[in-house]
Structures are given as structure tokens and as C-alpha cells.
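Asker:
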Amino acid sequence: MTCPRAFSEAPLPLFACDADEAAAVPMAPTGRLPSYIQDHRKRLRTRFMEGGAAAMPDYELLELVLFRAIPRQDVKPLARRLLEVFGDFNRVLSAPPHRLAEVQGVGDAVVQELKIVEAAAQRMARARVLNRQVLSSWDALLDYCHTTMAHRETEQFRVLYLDRKNVLIADEEQGRGTVDHVPVYPREVVKRALELNASALILVHNHPSGDPTPSEADMAMTGQVQDAAQVLGIVLHDHLIIGKSRELSFRASGYL
8 MTCPRAFSEA PLPLFACDAD EAAAVPMAPT GRLPSYIQDH RKRLRTRFME
58 GGAAAMPDYE LLELVLFRAI PRQDVKPLAR RLLEVFGDFN RVLSAPPHRL
108 AEVQGVGDAV VQELKIVEAA AQRMARARVL NRQVLSSWDA LLDYCHTTMA
158 HRETEQFRVL YLDRKNVLIA DEEQGRGTVD HVPVYPREVV KRALELNASA
208 LILVHNHPSG DPTPSEADMA MTGQVQDAAQ VLGIVLHDHL IIGKSRELSF
258 RASGYL
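Going letter by letter, the sequence shown gives residues 8 to 263 in our numbering.
(1) Do the segment 120-130 and the segment 78-85 touch if we need at least three Cβ pairs shorter than 8 Å?
(2) So, with DSSP's three-state summary, where would you put residue 123?
(3) Could you tell me which whole alpha helix (DSSP H) segments of length 4 or greater appear in the segment 181-225?
(4) Please report the straight-line C-alpha distance between residue 97 and residue 166, rounded to a whole angstrom.
(5) Going by beta carbon distance, what residues of the same chain come within less than 6 Å of residue 44, once the five residues before and after it are set aside?
(6) In its own chain, which residues sit with a C-beta less than 6 Å from the C-beta of residue 95, not counting the 5 before and 5 after it?
(7) Which residues in the same chain have their Cβ closer than 7 Å to the Cβ of residue 99, if we skip the five residues on either side of it in sequence?
(8) If you draw a straight line from the C-alpha of residue 218 to the C-alpha of residue 53, how long is it?
(9) Determine the closest residue to residue 133 out of 170, 175 and 42, with distance taken between C-alpha atoms.
(10) Compute the distance between the beta-carbons of residue 235 and residue 197, then report whether it is under 7 Å.
(11) In whole angstroms, give me the CA-to-CA distance for residue 245 and residue 220.
(12) According to DSSP, simplified to helix, strand and coil, what is residue 88?
(13) Three or more C-beta pairs closer than 8 Å, one from the segment 102-112 and one from the segment 131-149: is that the case here?
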């Protein structure tokens with residue numbers, strides 16, 4: 008039989024597509040999922056509420072997210088497929104919408120749910136550092152940078168603007184690039200600092216390769232920003248390069 012689209016909002020049929028649309032999951036006569044799928048969902052939710060996320064593998068945590076997007080389908084195959092494509096839970100959440108949509112079984116509802124979870128995580132991490140003294144909240148700052156940038160597939164360049172007390176007053180994306188390059192314009196970085204009345208800067212960008220070792224271009228760009236900032240009495244505190252599992256600080260490594 009021809010199986011209808013899994014994300015259709017039409018009245019429920021007696022069969023529901025499984026994630027790869029290659030087989031059908033029989034529906035109960037009432038239009039509900041079979042009891043074994045309902046029981047599986049209930050067990051996962053109970054385990055999450057009683058034991059938290061730490062003990063759950065990535066695919067089960069991803070299933071919990073997908074339950075809301077696909078309420079009438081077994082989502083385990085789709086969760087595993089997403090992890091096969093992107094590698095881990097964090098990379099699934101941070102994947103660009105167009106890349107997610109290329110995965111068979113992913114529709115608008117799935118993309119939206121994943122992006123909502125990603126945005127919530129970033130907002131929580133950002134709240135821990137915005138309007139706070141950055142140098143005394145360094146671990147929170149690193150957590151925020153990793154949450155927002157570590158798992159991106161392309162390079163992103165951000166500037167953190169600080170006031171005279173080193174309180175973070177603005178966090179702004181200055182550019183996006185390719186897998187190994189992002190254009191940076193030192194003049195624009197410093198110009199924006201003047202507009203915000205910032206007294207100090209922290210540069211941050213990611214290396215999608217996972218290796219935070221700075222390139223020659225990274226070193227040259229950092230020097231140009233530092234020179235431009237010094238002329239105007241603005242301090243460059245650091246340049247952080249965010250890898251997948253670790254970061255590199257120009258200041259701690261002796262480059263600044």
C-alpha cells in the first residue's frame with residue numbers, strides 16, 4: 008500500500024510510516040500507535056525524569072526531542088539516522104536547517120523542534136555571562152562559546168565587547184565563512200567597539216575541524232585587531248579558538 012507522508016496533519020490512517028518510509032507501522036484501530044511504541048515512549052520519559060539525561064545515550068535523548076515533532080511514529084530509526092549523518096547529539100542540534108532537511112524522514116516539524124532546543128541551550132548559556140564580569144566568570148564564558156560554536160560545520164567569528172569593569176555588554180557575530188575560513192575586518196571590529204563605548208574585546212571563532220591550533224591567518228588577523236584597538240585605547244583581552252572538545256586561548260598560549 009502507499010504510505011502517506013509521516014508529517015501530514017491529515018486524519019490518522021490505519022498505518023503510519025516508519026522514519027525511512029520503507030515499511031509501515033500498523034496503527035491501532037483507534038488511530039493510536041501500537042502499545043509497544045507507546046510503552047517505549049513512556050519508559051524513556053520516566054527514565055529521563057528519574058535519572059536525568061546523563062545516563063541516556065545520544066540516540067535516546069534525541070528520541071525524546073523527536074517525540075514532540077513526530078507524535079504518531081516510531082522515531083528511533085530517525086534518531087539513529089541523524090546521529091549517523093552528523094556524529095553526535097550536539098552536532099545534530101547545531102546542524103544547518105538545509106542539512107537536516109537532506110536527511111530522509113526529516114520535515115519542517117523536526118527541524119523546528121531541533122532548532123528550538125538549540126536556541127534554548129544557547130540562551131541559557133548566554134544568560135550566565137551577559138552583563139557579568141567576564142574575567143571572573145571565565146568557565147561560564149568558555150561553556151557559552153562551546154555551546155554556540157563548537158559543533159558548527161562552518162567557521163563563525165564573534166566579538167565580545169566589554170565595558171571598563173570587564174562586564175560583557177554585547178556579543179555579536181561579525182562574520183560567517185567556509186569550513187576553514189571566515190572573513191574578518193579589523194576596522195569594523197574596532198568601529199563597533201566605539202559605537203558601544205566598549206573598553207575591551209575578546210575575539211572568538213571556531214575551527215570546524217575540531218583542532219583549535221591557530222593558523223597563520225588567525226595570528227595575522229589577531230595582530231591587526233590588536234594594533235587597531237591599541238590606537239584607540241581599547242584592550243584586546245584574548246582571542247579564543249573553539250574546537251570540538253577543547254579551546255585555545257591566545258593569552259594563555261603566549262600569543263598575546
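All C-beta atoms in this analysis are idealised placements derived from N, C-alpha and C, irrespective of residue type, glycine included. Remember, predicted model here, so these are calculated numbers, not experimental data.
Answerer: Taking the structure as given:
(1) no
(2) The count along the sequence shown starts at 1 and reaches residue 123 at position 116. In this structure, residue 123 counts as helix in the three-state DSSP scheme.
(3) 193-203
(4) Position 90 of the sequence shown, counted from the first residue, corresponds to residue 97. Position 159 of the sequence shown, counted from the first residue, corresponds to residue 166. Rounded to whole angstroms, residue 97 to residue 166 spans 23 Å at the Cα level.
(5) By 1-based counting over the sequence shown, the position of residue 44 is 37. Contacts found: 81.
(6) Here residue 95 refers to the residue found at position 88 when the sequence shown is read from its first residue. Hits under 6 Å: 65.
(7) Here the question's residue 99 lines up with position 92 in the sequence shown. Same-chain partners within the cutoff: 69, 89, 90, 93 and 121.
(8) Working through the sequence shown from its first residue, we reach residue 218 at position 211. Working through the sequence shown from its first residue, we reach residue 53 at position 46. Looking at the two C-alpha atoms, the distance is approximately 38 Å.
(9) In the sequence shown, residue 133 corresponds to position 126, counting from 1. Minimum Cα distance to residue 133 is reached at 175.
(10) The residue you call residue 235 lines up with position 228 of the sequence shown. The residue you call residue 197 lines up with position 190 of the sequence shown. It is a contact, given that the beta carbons lie within the stated cut-off.
(11) Numbered from 1 along the sequence shown, position 238 holds the residue referred to as residue 245. Numbered from 1 along the sequence shown, position 213 holds the residue referred to as residue 220. Near 15 Å, if we compare the C-alpha coordinates of residue 220 and residue 245.
(12) As a working mapping, residue 88 is identified with position 81 in the sequence shown. Three-state result, residue 88: helix.
(13) no
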